[in-house]
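Undergrad:
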Amino acid sequence: GQNIDQPTEMTATEGAIVQINCTYQTSGFNGLFWYQQHAGEAPTFLSYNVLDGLEEKGRFSSFLSRSKGYSYLLLKELQMKDSASYLCAVIRGSNYQLIWGAGTKLIIKP
Amino acid sequence: ETGVTQTPRHLVMGMTNKKSLKCEQHLGHNAMYWYKQSAKKPLELMFVYSLEERVENNSVPSRFSPECPNSSHLFLHLHTLQPEDSALYLCASSQDHKGAGYGYTFGSGTRLTVV
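Chains as they are written, first to last, in the numbering used here: chain F, 1 to 110; chain W, 1 to 115.
#1: Can you tell me which of W:106, W:85, W:81 and W:82 puts its alpha carbon nearest to the alpha carbon of residue 93 (chain W)?
#2: Give, in chain order, every unbroken run of the beta strand (DSSP E) that is at least 3 residues long and sits entirely within the segment 80 to 108 of chain W.
#3: Apart from the five residues on each side of it in sequence, which residues of its chain come closer than 6 Å, Cβ to Cβ, to residue 43 (chain W)?
#4: Does DSSP classify residue 81 (chain F) as helix, strand or coil?
#5: Give every residue of the same chain whose Cβ lies closer than 8 Å to the Cβ of residue 80 (chain F), excluding the five residues on either side of it in the sequence, and list them in chain order.
#6: Okay, do the segment 14 to 22 of chain W and the segment 54 to 63 of chain F touch, 3+ Cβ pairs below 8 Å being the bar?
#7: Using C-beta distances below 8 Å, list every residue in its chain close to residue 27 (chain W), excluding the 5 sequence neighbours before and after it, in chain order.
#8: Any idea what DSSP makes of residue 52 (chain F), helix, strand or coil?
#9: In angstroms, rounded to a whole number, what distance separates the CA positions of residue 49 (chain F) and residue 55 (chain W)?
#10: Compute the Euclidean distance between the alpha carbons of residue 52 (chain W) and residue 95 (chain W), then round it to the nearest angstrom.
#11: Does the distance from the C-beta atom of residue 86 (chain F) to that of residue 36 (chain F) stay below 7 Å?
#12: Closer than 7 Å, CB to CB, is residue 41 (chain F) near chain W or not?
#13: Against residue 8 (chain F), what residues of chain W qualify as contacts under a CB-to-CB distance less than 8 Å, listed in chain order?
#14: Spell out the partners DSSP gives residue 114 (chain W) in its beta bridges.
#15: Are residue 6 (chain W) and residue 108 (chain W) close, meaning C-beta to C-beta below 7 Å?
#16: Alpha carbon to alpha carbon, how far is residue 97 (chain F) from residue 65 (chain F)?
#17: Using the beta-carbon of each residue, which ones in chain W are nearer than 7 Å to residue 12 (chain F)?
#18: Check the Cβ-Cβ distances between residue 84 (chain F) and every residue of chain W, and say whether any is below 7 Å.
#19: Below 8 Å on C-beta distance, what does residue 101 (chain F) contact in chain W?
#20: Roughly how many angstroms separate the alpha carbons of residue 92 (chain F) and residue 8 (chain F), rounded to a whole number?
#21: Looking only at its chain, what residues have a beta carbon closer than 8 Å to the beta carbon of residue 13 (chain W), apart from the 5 residues adjacent to it on each side?
#22: Figure out for me which residue from F:52, F:40, F:30 and F:63 has the closest Cα to the Cα of residue 46 (chain F).
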């Protein structure tokens with residue numbers, strides 16, 4: 001089958017670092033996305049990983065291990081505006097089907 | 001401005017009503033999607049259109065009827081909905097229906113409440 005797991009909710013402190021994990025079981029892996037979604041707004045693209053390793057983009061980094069079926073999103077120097085849901089999605093198969101996780105709600109406290 | 005515009009933002013409808021959701025993109029993308037987002041559940045893909053042709057229909061009830069008159073516009077026609085259809089309906093577009101690496105651009109969604 002195909003399954004994506006990520007924590008339902010996480011809390012972190014402003015200025016700190018937080019890591020949001022995503023594990024997946026799927027065949028025909030073709031890449032992994034991370035999206036950010038503020039309440040009542042559109043999901044917005046954060047990162048795309050298709051090869052193993054770390055992709056850094058400013059305060060946000062995304063890591064992928066294909067052999068472990070594992071990814072994480074690392075957020076540094078947290079700001080209050082980072083309070084949002086973070087969605088993990090895996091591309092699978094020759095028709096590039098997108099499988100979504102349920103999202104992780106991140107709460108930032110002062 | 002995300003490049004994908006959805007109207008209306010909020011909709012309350014009775015179970016016997018007929019309404020339509022509209023999505024418009026000016027990004028030059030060739031693929032458009034309808035997703036349903038319910039609280040604490042993964043995004044559910046409903047329909048995929050590529051170059052105005054429906055390429056995917058994920059066993060969606062017939063009370064939801066999509067229409068794609070051109071590559072910039074997508075509609076979702078609703079009739080005789082059920083309360084469990086209440087959710088956020090998101091439209092998205094991508095360069096092509098594979099979307100790999102390019103990502104998807106989402107609209108802000110229509111918050112639908114069926115009473």
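Idealized CB from N, CA, C, for every residue including glycine.
Remember, it's a predicted structure, so these values are computed and weren't measured experimentally.
TA: Straight from the coordinates:
#1: Stepping through the second sequence from its first residue, residue 93 (chain W) is reached at position 93. The shortest C-alpha separation from residue 93 (chain W) is found at W:106.
#2: 87 to 94
#3: Reading the second sequence from its first residue, position 43 is the one you call residue 43 (chain W). If we look at residue 43 (chain W) and ignore the five residues flanking it on each side, its Cβ neighbours are 35 and 37.
#4: Within the first sequence, numbered from 1, the residue matching residue 81 (chain F) stands at position 81. Correct three-state label for residue 81 (chain F): helix.
#5: Along the first sequence, read from residue 1 onward, the residue named residue 80 (chain F) stands at position 80. So the qualifying residues of the chain are 14, 108 and 110.
#6: no
#7: If you number the second sequence from 1, residue 27 (chain W) lands on position 27. So the qualifying residues of the chain are 3, 4, 93 and 105.
#8: Here the question's residue 52 (chain F) lines up with position 52 in the first sequence. In this structure, residue 52 (chain F) counts as coil in the three-state DSSP scheme.
#9: Walking along the first sequence from the start, residue 49 (chain F) turns up at place 49. Walking along the second sequence from the start, residue 55 (chain W) turns up at place 55. Whole-angstrom Cα-Cα distance: 25 Å.
#10: Along the second sequence, one-based indexing puts residue 52 (chain W) at 52. Along the second sequence, one-based indexing puts residue 95 (chain W) at 95. Cα-Cα distance, rounded: 13 Å.
#11: Sequence index remark: in the first sequence, residue 86 (chain F) carries index 86 (1-based). Sequence index remark: in the first sequence, residue 36 (chain F) carries index 36 (1-based). Taking 7 Å as the cut-off, the beta carbon of residue 86 (chain F) is found closer than this to the beta carbon of residue 36 (chain F).
#12: Numbered from its first residue, the first sequence carries residue 41 (chain F) at position 41. It does; some Cβ of chain W falls within 7 Å.
#13: For the purposes of this step, residue 8 (chain F) is identified with residue 8 of the first sequence, where counting begins at 1. Simply 40.
#14: As a working mapping, residue 114 (chain W) is identified with position 114 in the second sequence. In the DSSP secondary-structure assignment, residue 114 (chain W) is bridged to W:13.
#15: Along the second sequence, one-based indexing puts residue 6 (chain W) at 6. Along the second sequence, one-based indexing puts residue 108 (chain W) at 108. A contact, by the Cβ cut-off of 7 Å.
#16: As a working note, residue 97 (chain F) is residue 97 in the first sequence. As a working note, residue 65 (chain F) is residue 65 in the first sequence. Their Cα atoms are separated by approximately 20 Å.
#17: Stepping through the first sequence from its first residue, residue 12 (chain F) is reached at position 12. Within chain W, no residue comes near residue 12 (chain F); the closest Cβ sits about 20 Å away, beyond 7 Å.
#18: For the purposes of this step, residue 84 (chain F) is taken as the residue at position 84 of the first sequence. No, residue 84 (chain F) does not count as interfacial toward chain W.
#19: What you label residue 101 (chain F) is simply residue 101 of the first sequence in a count that begins at 1. Under the 8 Å cutoff, chain W gives 42.
#20: One-based indexing of the first sequence puts residue 92 (chain F) at position 92. One-based indexing of the first sequence puts residue 8 (chain F) at position 8. Cα to Cα, the separation comes out at about 23 Å.
#21: In the second sequence, counting from the first residue as 1, residue 13 (chain W) sits at position 13. So the list reads 19, 78, 81, 112, 113, 114 and 115, once near-sequence residues are dropped.
#22: In the first sequence, residue 46 (chain F) corresponds to position 46, counting from 1. For the residues F:52, F:40, F:30 and F:63, the minimum Cα distance to residue 46 (chain F) belongs to F:63.
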